[in-house]
Amino acid sequence: MSNVNQFKCPACGGALEYRPGQKAMVCPYCGTTVEEESILQEAVQGQPETAAVQEQAPVSEEATQEKPEGEELRSYHCQNCGAEIVTGPTTAATRCYYCHSPVVLNPRLSDAFRPDGVIPFQMELQEAKNRFQAFIAKKRFVRKDFVSPQQLEDFSGVYYPYWMDDVTMEASFDGEATTVSSIQRGAVTETHTRHYQLHREGTLQVNRLQRKALNQTSRLLSDGIQPFQMEGMRPFASEYLSGFLAESRDVTLAEAQADMEKEAQGMVYGAMTHVGDAFHSVKGNAQVHKMVSRMRYVLFPVWVLTYRGQGKESFYYMMNGQTGQVCGKLPLDTGKLGLFSAICGLAVAGLLCLGGAMLW
Ligand SMILES: [Zn+2]
Ligand SMILES: [Zn+2]
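Residue numbers (the numbering used here): 1 to 360.
Dropping the structure here:
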């Protein structure tokens, strides 16, 4: 397999790009289209059978090259113009700096790094930019150069890597439960407390836990644009990446799996002691006897705009490329904000998203 994937137009040889609006690969030169259905057929055929399920024992690090290649930078040759394309350690799709052709980097998407699924972008670049401008127009304190035409040149669609896990646990609970009732006899109230020994066991299933699989993305911001709708997930095909940027993961399967299993385990006590109205109190110990993870490595679409202020601080705007949910840490015009703070007595240190809502 060649190191780079550049999808050639069958009619004119131009570089095909995935266009969300048409749900097809489109040649920007002659308009030839290749429908999504034919992309998907190939994707399903190319998918190794076992890719989607990696059960309990984490695959050994050595065997699957869990860590990305050692070197920080790596160069590829554009098949369109021959220029050298230098990429960062996790870049999986980019554009040639010289001829602007989309380039998908195969080694970053093969073997242990081949995603199991991808949610394709649902919106064209121009529509995403329009939405961003409409969003910013309502914000009074944002620095004007954040939305300058030069700045908007950097507005890009990026596929970010995530780990997903469905955890199945066989668990049991042993403890004590009580019911309390009272009866009025004349002036005397009798309170009856009954004590029960409680044993429960069963299978608990926690689905679709998620962790970002790239260390450098801000957890806070990527949480802010959640959730992604899983109905939109497609089997991975590198065609979807053509024309977009994509990052490969640097978080190992073992790290992500351990973290998500811990989260799932944290839900067991609550689930086992949830007995509705049957008892007044329940306490005891819950145990997990068996835990099976179904890990999947997936790419999610995000529109990103980055802005470097005068200081070292960077600001971001992110929009969910599937649902349009937005989140941002926006550069403030401190002159305007100072005035506003004085009037309202508000202290605003920055703008962050919590639970997908804009705090402002
Ligand atoms: Zn063409
Ligand atoms: Zn080129």
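Ideal Cβ placement from N, Cα and C applies to all residues, glycine included.
Cβ-based neighbour list, residue i, same chain, cut-off 7 Å, excluding 5 preceding and 5 following
| i | result |
| --- | --- |
| Pro20 | Pro120, Phe121, Gln122, Met123, Glu124 |
| Gln79 | Val4, Gln6 |
| Tyr162 | Gln210, Arg211, Lys212, Ala213, Val298, Phe300 |
| Cys96 | Cys78, Asn80, Cys81, Ala83, Ile85, Val103 |
Straight-line gap, residue i to residue j (C-alpha atoms, nearest Å)
| i | j | result |
| --- | --- | --- |
| Lys8 | Met267 | 49 Å |
| Met318 | Glu247 | 15 Å |
| Gly276 | Val180 | 15 Å |
| Val104 | Met291 | 37 Å |
| Ser281 | Gly186 | 28 Å |
| Arg294 | Met260 | 11 Å |
| Ala128 | Cys327 | 13 Å |
| Glu37 | Leu241 | 16 Å |
| Val206 | Arg114 | 24 Å |
| Lys283 | Arg249 | 42 Å |
Proximal residues to residue i (C-beta, below 8 Å), its chain only, five neighbours per side dropped
| i | result |
| --- | --- |
| Val288 | Met169, Glu170, Ala171, Gln265, Val268 |
| Tyr196 | Glu176, Ala177, Thr178, Thr179, Phe279 |
| Ser148 | none |
Residue i, buried or exposed, once every other Cβ within 10 Å from all chains shown has been counted against 16
| i | result |
| --- | --- |
| Asp116 | buried |
| Ile183 | exposed |
| Arg233 | A small fix is needed here, since residue 233 is Met in this sequence, not Arg. The residue is buried, with at least 16 neighbouring Cβ atoms inside 10 Å. |
| Asn285 | exposed |
| Pro331 | buried |
| Pro235 | buried |
| Asp145 | exposed |
| Asn130 | exposed |
| Phe173 | buried |
| Leu152 | exposed |
| Gly14 | buried |
| Thr94 | buried |
| Gln257 | buried |
| Cys99 | exposed |
Beta-carbon contacts of residue i that lie in its chain and below 6 Å, excluding the five residues immediately before and after
| i | result |
| --- | --- |
| Val158 | Leu245, Val302, Val304 |
| Leu228 | It should be pointed out that residue 228 corresponds to Phe in this sequence rather than to Leu. The residues are Ile119, Phe300, Gln322. |
| Ala11 | Cys30, Thr32 |
| Arg200 | Phe173, Met272 |
| Ser75 | Glu84, Val86 |
- What runs of the alpha helix (DSSP H), each 4 residues or longer, lie entirely inside the stretch 77-142? 125-137
- Message: So within the stretch 176-253, which uninterrupted alpha helix (DSSP H) runs reach at least 4 residues, ignoring any that extend past its ends?
- Response: 219-224
- Environment of ligand 1 in chain order, Cβ to heavy atom below 6 Å: Cys9, Ala11, Cys12, Gly14, Cys27, Tyr29, Cys30, Thr32
- Task: Kindly provide the ranges of any alpha helix (DSSP H) runs that are 4 or more residues long and lie completely inside the stretch 259-318, ordered along the chain.
- Result: 268-272
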